[in-house]
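Inspection log for the structure reproduced underneath, given as structure tokens.
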Amino acid sequence: MMSEVVEQLNPAEEASQKALAEVYGCLERKESFLVEAGAGAGKTYTLVKALHFLMGRYEHILPQRHQNIACITFTNVAKDEIDARTDRSPLIYCNTIHAFCWSLISGFQRQLREQLPQLQHWPDRIAEVGDLGERAVEYELGHRSINDRRVSIHHDDVLILTIALMDNAKFRRILADKYPIILIDEYQDTNADWIDSIKAHFLGQQGSPQFGFFGDHWQKIYGDGCGKIEHPSLTVVGKQANFRSVSTVVECLNRMRPELPQFVVDPNEQGCIHIFHTNTWAGDRQMGSHWGGDLPTEVADRALQTVLNRLGEDGWDLSPETTKILMLTHRVLAGKQGYPSIPTVFAFNESFKNKEHPHIAFFADALEPACEAYLSKKYGEMFRTLGSNVPAIRAQADKKKWSEAMDKLIELRASATVGDVVDHLLAVRRPRVPDAVERRERELREFDPEAGEDMPRALKELGDLRAVSYREIVALCRYLSGHSPFETKHGVKGAEFENVLVVVGRGWNKYNFNEMLELARDAAQVPANKQAAFERNRNLFYVTCSRPKRRLAVLFTQQLSAAAMQTVAGWFGDANVEPLRL
852 MMSEVVEQLN
862 PAEEASQKAL
872 AEVYGCLERK
882 ESFLVEAGAG
892 AGKTYTLVKA
902 LHFLMGRYEH
912 ILPQRHQNIA
922 CITFTNVAKD
932 EIDARTDRSP
942 LIYCNTIHAF
952 CWSLISGFQR
962 QLREQLPQLQ
972 HWPDRIAEVG
982 DLGERAVEYE
992 LGHRSINDRR
1002 VSIHHDDVLI
1012 LTIALMDNAK
1022 FRRILADKYP
1032 IILIDEYQDT
1042 NADWIDSIKA
1052 HFLGQQGSPQ
1062 FGFFGDHWQK
1072 IYGDGCGKIE
1082 HPSLTVVGKQ
1092 ANFRSVSTVV
1102 ECLNRMRPEL
1112 PQFVVDPNEQ
1122 GCIHIFHTNT
1132 WAGDRQMGSH
1142 WGGDLPTEVA
1152 DRALQTVLNR
1162 LGEDGWDLSP
1172 ETTKILMLTH
1182 RVLAGKQGYP
1192 SIPTVFAFNE
1202 SFKNKEHPHI
1212 AFFADALEPA
1222 CEAYLSKKYG
1232 EMFRTLGSNV
1242 PAIRAQADKK
1252 KWSEAMDKLI
1262 ELRASATVGD
1272 VVDHLLAVRR
1282 PRVPDAVERR
1292 ERELREFDPE
1302 AGEDMPRALK
1312 ELGDLRAVSY
1322 REIVALCRYL
1332 SGHSPFETKH
1342 GVKGAEFENV
1352 LVVVGRGWNK
1362 YNFNEMLELA
1372 RDAAQVPANK
1382 QAAFERNRNL
1392 FYVTCSRPKR
1402 RLAVLFTQQL
1412 SAAAMQTVAG
1422 WFGDANVEPL
1432 RL
């Protein structure tokens, strides 16, 4: 007789299947739940399996009721992936949170017109036209404007208006009737006020949709995200798998995060950990609240090169395809990447590295991708990047104007200043600059230095930025978009690499990793006034250290206290920690 062959699951697969069974149970019982999936756990796999389970369970019921399963994603990339992995099932409405919210509120035109005057940025605009009257409220271009027939709202306005409409019982009933099940991907990065509204109006309430949250609050690294979600009606499912990293790395992650231990695919597969610190540096260190305790720039650069030489001697393949250098310090990075002037422009590095400054956000998210598309003759992609959902070219004359405007822009990108580029865009309005950019430019032009008032910091920064070569903006945007062996947090969330070197230093307004490591010795006793900063620092450190598949190295250019060194040794092991001789 032939015996039946039973496939043996590896430890990561066993943990994954256990979590999936718990999710299926919640779906069957119609309980709202939260899947806490640590780094490398395969969160998207669990989300997609949940969707397939629901598709099989409700394939006949939902169409009869004209209902859908909603799947809310954080990015369009995630939306496209989920669409592909569910064969674009008509049972599933998958979209970003902004598109989802607009689909809900667009039919409430009267209520939108009533709410808009109460929102920031709108009273002055509305005053210019008297009142909104019967103008149609639209969300297409993503910038604020009013003409004789229409009102165009901003991305931020969509969320605020949706939250306001949540107070309307009819609105909530329509939402629940249309979407009896709502799954939210990357819940930790979802707007905190929006999640608070869901908790207040739906969770635990009779007749509400069933919610499923998928994510990891330890990977919340965006400013307005909600982070950890706690609610008595939520069943928490911990996914204790790691399909990315070898046991050498995962053991360190488990010591960082003992409450969610992970199991690897092959416990016998090993990698390596190297932790380098610079506490033995006897020279002067930098001063100031942002840079205090860090190495001087030229010494930090030398330290990085020393570590790279050492790792190369240890057999690391240092090519950008295999090794990623994650910079949690910025001055060294800026020089290497071709934008040395930009960090000197801004008081806070978040302005450019988090794209908090409106000019930088416009350049990085719209203008530079549009220019790249234009140079590649991908004109449809260019217009999509610029945010317009309406035909941009209606006649041959329009095509000629666009071609002339873009050709001149391409020329200015290579040879002119930021100010020259912006002035060109303001003159030709192809493409149009966002309202926030145009308003700040106007404020700078109208500022009178002879009036005896000090120039506001925001205008001083803009003036300095306008003098920078636009080539530095091109270099910065290439870095922010991931075309580099170097990255910071925005380029690595969700990514993985064979080898990772993390360079930890100062220079961020909101980050001090030495203090985080000190507080981590007793994370349960972190003072309330430091909790948010602690989690922000801890999460970014965890995200970067969880990217490698096989090899992890960390270089601290920041001086570490004895207490911080205890945490480092506890997480990574004494044998893996060594001083760097400079």
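Under this note's numbering, the first residue of the sequence shown carries the number 852, and numbering increases by one thereafter. Here a beta-carbon is modelled for each residue, glycine too, at the ideal position from N, C-alpha and C.
### Query
How about F1364 and V1355: are their beta carbons less than 8 Å apart?
yes
### Query
Should the segment 869-887 be called in touch with the segment 1094-1102, which here means at least 3 C-beta pairs below 8 Å?
no
### Message
Taking 7 Å as the limit between beta carbons, can you name the residues of its chain near S1335, skipping five residues before and five after?
### Response
Low confidence applies to S1335: its pLDDT is 49, below 50, so where it sits in the model is not reliable enough to give any reading.
### Query
Around the C-beta of S1227, are 16 or more other C-beta atoms found within 10 angstroms, so that it is buried, or is it exposed?
exposed
### Query
Applying the criterion that 16 or more other CB atoms from any shown protein chain within 10 Å of the CB defines a buried residue, is P1171 buried or exposed?
exposed
### Task
Return the chain-ordered list of same chain residues with a C-beta closer than 7 Å to the C-beta of V1241, the five sequence neighbours on each side being excluded.
Here V1241 scores only 41 on pLDDT, less than 50, and its place in the model should not be relied on; the value that follows carries that caveat. So the list reads E991, once near-sequence residues are dropped.
### Query
Whose C-alpha, out of N946, R1387, E1262 and I920, is nearest the C-alpha of N927?
N946
### Own chain partners of G1067 with C-beta closer than 8 Å, once the 5 adjacent residues on each side are dropped
Reading the sequence as shown, one finds Asp at residue 1067 and not Gly. These residues qualify, in order along the chain: E887, A888, G889, A890, A892, K894 and Q1039.
#### Entry: Nearest candidate by alpha-carbon position, reference H949, set I997, T924 and E965
T924
### Exposure label - R1389; buried when at least 16 CB within 10 Å
buried
### Task
Please state whether DSSP places C1328 in a helix, a strand or coil.
helix
### Message
Please return the same chain residues whose Cβ sits closer than 6 Å to the Cβ of S1397, not counting the five positions on each side in sequence.
### Response
A890 and L1104
### Message
Quick check on E1312: buried or exposed, where buried means 16 or more other Cβ atoms within 10 Å of its Cβ?
### Response
buried
### Query
Three-state secondary structure (DSSP) at K1311?
helix
### Query
If you scan the segment 1129-1175 from start to end, which runs of the alpha helix (DSSP H) of 4 or more residues do you find wholly inside it?
1148-1164
### Query
At which residue ranges does the segment 1049-1098 contain complete beta strand (DSSP E) runs of 3 or more residues, listed in the order of the chain?
1061-1066 and 1086-1090
### Query
Candidates G1122, P1209 and A1375: which alpha carbon is nearest D1165's?
G1122
### Task
With a threshold of 16 other CB atoms inside 10 Å of the CB of P1083, please say whether the residue is buried or exposed.
exposed
### Task
Could you check which residue in R936, E910 and E1081 has the C-alpha nearest to that of L942?
E910
### Query
Is it a yes or a no for the segment 1023-1041 touching the segment 994-1009, going by three-plus beta-carbon pairs under 8 Å?
no
### Query
Which word fits P1285, buried or exposed, when buried means at least 16 other C-beta atoms lie within 10 angstroms of its C-beta?
buried
### Task
Classify N1350 as buried or exposed, calling it buried when 16 or more other Cβ atoms lie within 10 Å of its own Cβ.
buried
### Task
Mind checking which residues open and close the beta strand (DSSP E) that includes T1013?
That residue, T1013, is in no beta strand (DSSP E); its alpha helix (DSSP H) goes H1006 to L1016.
### Query
So does the segment 1403-1410 actually touch the segment 1144-1161, counting three or more Cβ pairs closer than 8 Å?
yes
#### Entry: Rounded straight-line distance, which links the Cα of L1012 to that of D1047
14 Å
### Query
What are the boundary residues of the alpha helix (DSSP H) that A1404 is part of?
Premise fails: A1404 lies in the beta strand (DSSP E), P1399 to F1407, not in any alpha helix (DSSP H).
### Task
Could you check the C-alpha separation between N1360 and H1210 for me, to the nearest Å?
19 Å
### Task
Please name the residue in T1129, G1089, D1008 and L1177 whose C-alpha comes closest to that of L1391.
L1177
### Task
With DSSP as the reference, label V1354 as helix, strand or coil.
strand
### Task
Would you mind sorting Q1057 into buried or exposed? The rule is 16 or more other CB atoms within 10 Å of its CB.
exposed
### Task
Just confirm the distance between the C-beta atoms of N1200 and G1358, as a whole number of angstroms; I'd bet it's less than 8 Å.
6 Å
#### Entry: R1402 versus L1162: straight-line alpha-carbon distance, rounded
10 Å
### Query
Span of the beta strand (DSSP E) holding A987?
A987 to E989
### Task
Within 10 angstroms of the Cβ of A1346, are there 16 or more other Cβ atoms? Answer buried if so, exposed if not.
exposed
### Query
Out of curiosity, what's the CA-to-CA distance linking P1118 and P862?
8 Å
### Message
What does the alpha-carbon distance come out to for the pair V1158 and E979?
### Response
60 Å
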